Structure formats: structure tokens, C-alpha cells
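Protein chains: 2
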Amino acid sequence: MGNNQDIQNVSKATIGRLPAYHRYLKEKMAAGERTVSSTAVAEDLHLNAVKVRKDLAVISSVAGKPKLGFSIADLIDGIDRILGYDNVTDAVIVGAGGLGSALVGYGGFKAYGLNIVAAFDNDPERIDTTLGGVKVFDSNDLVRLVRRLNVLIGIIAVPASAAQSVADELVEGGVRAIWNFAPVHLTLPANIAVKNEDMAASLAILSKRLAEILNSEK
Amino acid sequence: MGNNQDIQNVSKATIGRLPAYHRYLKEKMAAGERTVSSTAVAEDLHLNAVKVRKDLAVISSVAGKPKLGFSIADLIDGIDRILGYDNVTDAVIVGAGGLGSALVGYGGFKAYGLNIVAAFDNDPERIDTTLGGVKVFDSNDLVRLVRRLNVLIGIIAVPASAAQSVADELVEGGVRAIWNFAPVHLTLPANIAVKNEDMAASLAILSKRLAEILNSEK
DNA sequence: ATTATATCGATATGTTTTTATCGATAAAAT
DNA sequence: ATTTTATCGATAAAAACATATCGATATAAT
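Going down the list, the sequences are from chains U and A. FYI, the numbering for the first sequence is 1 to 218, going by our numbering. FYI, the numbering for the second sequence is 1001 to 1218, going by our numbering.
In C-alpha cells, the structure reads:
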């Protein structure tokens, strides 16, 4: 995943929109369509048409055609290539509780280039069970196993109180990217990529939009 | 939640950072501290000091003092006020499966001004059970119950295939904001606030960062 | 009392992202 | 064959966001 050059030349904002385009294009393709116009995508996805056109221009290997638009198959290939959906990267998840099992069960991560090869938990009840095909190991073996498996990505789905120490162990095991679902800020070396999945932040932004809408109505 | 004026004048980027400040400030307060400087916050949270100072200036009701910084208690009050953490808004969640129960169990939403008053599912096994104190109702009663409860926010935690119809029903029931955890783009009226929790997008951004880091090392 | 200093607030600059405009062009319609 | 039109690509302007700089100032140290 992502260990290619392509992803580097694409803006962060665009990268964030690619998965949505990908789903949309897959749908259109399944519906038998061959081309899309930026205007149609923009309308359906409620985005600005110019923005979409620039995004599609980055993705597409060939120029769009007036009156026709872009080739759907080509766009999908482009996103696959940029996001590395064609080659899979291994990851481990720590925390096999509610959120952890939901994430593993959520499935489809493999379609996004992520292959969860192991789960970890410190609850004896959960150790040695399987979670959607993924075996749950003892947290005590985390560092050793992560190092042995040569895993680059770690997912943290443990309570806030345990998150920092788990993160430290993941780094010790050689992980270079951390996807953090615990509501805490992790203190980590600068050369580790971190993405915090901050539910409270999402909720705050939703609230802002709601406030704007309700306010515009009075 | 958020049904106040304050949230309107604050930039979206700042809004997204407020929950992290809130957690940080609560920690500091619990540790017995009374003031923080923007430089300290910036260092601990790995943010730019000027950015933090501007954020804190928006939050704080009084000016910061040289050598001392800002009052922690005042900042917390400010965030509570802006994000509406002091007055709680009701919400319902649809989908009591893995993700749904994880979200309800994730708990702490009430601390973020969100009170989940009901869950819905169409699986007879789940109907009439309780999920962390929240009763699971039959999806068939969704529209009627949501309308009766006068709920403004709906959380969608159902499989992708069911998400659009659930969203339509929520809107029919009077919901004005939708927090969507299903990996699909929802087509909804313009006067409904939507926040998509797009795991694939998060993963894409994490991958980009990882690619940048790995690339800078060779 | 005086000086040193951490921090603030304000202003300015830079960067990223979004949005607007418009001529060019390929397909469709006449 | 000619005209119309949807869409593109390019350029430019605007908006949002981040970062740099610096004088002012309240506290702490001398």
C-alpha cells in the first residue's frame, strides 16, 4: 500500500477524496456505464465541478474528452495505482474488544490494501480466539511478533488509558504508521506516521454544519 | 449541542482541533495546573505555536497573560460553550451489530454533548435487547419513533447496502444531521448535515504520510 | 528599582485548497 | 457540412489555513 511514488505528487485534499470517487466509479461501472463527466460526478457527490475535474485529471492517465468525459475503467485503475489498492500491506490491530472486533469485522480493508494479519489483547478470555479469521495473540508477545511479522502498520483500538503504552510497543516492534482510534494524543517519534480517528472531532464538525443549517433557516 | 451561535464564527479547522485541546486541558487540570501557555500546548500536541495561540484566543473569554498564558478552567469553559458540551442533544443509532454496539459502548458520547436515546435494528435476535443501557427497537418503527422522540441526529452503522434507505427514513422522521459510518455516499436533501466517517479516506491519508516518511529516508 | 524573559497579540507573508472564468474541442444535432 | 453544445484544460482569483516576525507587556529574577 502507498509505498509507491505516485501518492506523493497528489495533494492531501485530493487523496482524501479518492476513496469516495472509487466507490462511486465502481457503482457506475457495475451499472454498465463506461464514461463519466466531472460535472455529473460533482452533482452526484455534491462537490464543486472544477475541483472534481482537477482531481480526475490527476487520476486519469489519458485526457478527458469533451462531451464524453473520462473513462471509468481508467479512473478506477488510476485510483488503485495511487492508493496502492492493488498491492496489499500487512497490519496488526491491538484491542479485540468492541471496537477492535467491529473494525476487523467491518472487513473490506483488504480491498483498501490493508491486510490484518494478527490481533492482540490482554484479556485471557479473548486470547487464542479468532476474530473474522484473525487470531488474537497475547499482548505480551506484541513486540516480538510484530517484529517477526515485519509489519509496518498498527491499529490501536484499546481504551484511552492503554493507548500510549501500546503505541510505544508497536514502535518498538518496528511499526512505522499508527492508526489510532483511542481518544488520546499519542506522543511518538517524528518519523512515525500517525492518524488519529477522533470521533469527538468528527462530531464537532457535524455539529457545526447542523448549527449552520438550522441557523440559516430562521 | 451546537445549537448556539458561537460555533458559527470559528473556523472549521479550529473546530476540529477543539476536542483534542479539551482532552489535553482536562488532563492538565486534573494534574492540578491552573494555566497553560500556547507554547507548551503546541509542544505537547505537536502543533505550531502561533496556530495554537490563535485557537486559544478564540476559545478564551479573557486575554492571555505574558509569562503565564491562559486560564485552563476558562479555556475548558470556552470549548464547552462553543461545542455545546454543556447542553446535550439527543440522537439515535441505526444498526446494533458490531460497529453499532462498539459505538454505543465506546461511550463517552454524552461527554461530547450527544445522548443516544434509542437504537434500531432489523434482526429479531437484537430487537428488544439493550446495548449499554440503550434499548434496541425494530427498524420498522424507526420513522414513527424518531418523530415522536423529536431527535435531530441520526447515526448510521448498518451495512453499505442498507445505508441509503436508512438515511431516507431518518430524514423522514425529522432528523437534520446524519453521522454516516457506512462506506457509501448518501444522497440527501441539501438542508441535511452529513458527516461521513470514511475509514478508507483516513487510511489513504495515513498511507500518504507513511509513504512520505519512508521516502524521505532513502 | 531595574533588568531579563517568556509569552502574548497583531501584522504580514506564505501555502494550500477551492472556486470562477473562458477559450478550445470533440461529439451530437441539424 | 455546419452549427450547437457539453465538457475539457488552463489560467486566474479568492478563500481558507498555516507559519513567520516583532514590538508590547506582565511576571519573575536580579
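We treat Cβ as the ideally placed atom computed from N, Cα and C, and that holds for glycine. Please read all numbers here as calculations on a predicted model, not as lab measurements.
Residue i burial status per 10 Å Cβ neighbour count (16 or more: buried)
i: G2/U; result: For G2/U, the predicted structure reports a pLDDT of 41, less than 50, and the residue's modelled location is therefore unreliable. A value from the coordinates is still provided. Under this definition G2/U is a buried residue.
i: G1064/A; result: buried
i: L1068/A; result: exposed
i: G100/U; result: buried
i: S1061/A; result: exposed
i: A30/U; result: exposed
i: S11/U; result: exposed
i: A157/U; result: buried
i: S970/A; result: Beyond the ends of chain A as shown, which are 1001 and 1218, falls residue 970/A; an answer cannot be given.
i: S1038/A; result: buried
Supposed contact pair residue j and residue i - C-beta distance, whole angstroms, cut 8 angstroms
i: V146/U; j: V166/U; result: V146/U to V166/U, Cβ: 11 angstroms. No contact.
i: R23/U; j: V1184/A; result: 7 angstroms
i: L142/U; j: E125/U; result: That pair is no contact at about 18 angstroms.
i: V154/U; j: V94/U; result: It is Gly, not Val, that sits at residue 154/U in the sequence shown. That pair is a contact at about 7 angstroms.
i: I1059/A; j: K1026/A; result: At roughly 14 angstroms, the Cβ-Cβ gap does not stay under 8 angstroms, so I1059/A and K1026/A are not in contact.
i: D1198/A; j: A20/U; result: 7 angstroms
i: N180/U; j: A163/U; result: 7 angstroms
Short Cβ contact (7 angstroms threshold) for residue i with residue j
i: D1090/A; j: V1151/A; result: yes
i: A193/U; j: L1206/A; result: yes
i: I72/U; j: V36/U; result: yes
i: G132/U; j: A1201/A; result: no
i: L1210/A; j: A177/U; result: yes
i: A974/A; j: A1204/A; result: In the structure as shown, chain A begins at 1001 and stops at 1218. Residue 974/A is therefore absent and cannot be evaluated.
i: A1096/A; j: D1055/A; result: no
i: A40/U; j: G1098/A; result: no
i: K1028/A; j: I7/U; result: no
i: I213/U; j: N1191/A; result: yes
Should the region 73-87 of chain U be regarded as contacting the region 118-137 of chain U, the criterion being three or more beta carbon pairs within less than 8 angstroms? no
For the region 101-108 of chain U against the region 42-53 of chain U, are there 3 or more C-beta pairs whose distance is under 8 angstroms? no
Is the number of C-beta pairs between the region 1110-1128 of chain A and the region 109-119 of chain U that are closer than 8 angstroms three or more? no
Secondary structure, alpha helix (DSSP H): runs of 4+ residues fully inside the region 1076-1123 of chain A: 1098-1106
Just to confirm the assignment: which complete alpha helix (DSSP H) runs, minimum length 4, are found wholly within the region 1124-1157 of chain A? 1142-1149
Could I get the ranges of all uninterrupted alpha helix (DSSP H) runs contained in the region 11-85 of chain U, with 4 residues as the minimum, in chain order? 12-30, 38-45, 49-59, 72-83
In chain order, which beta strand (DSSP E) runs of at least 3 residues are fully inside the region 1159-1200 of chain A? 1177-1180, 1193-1196
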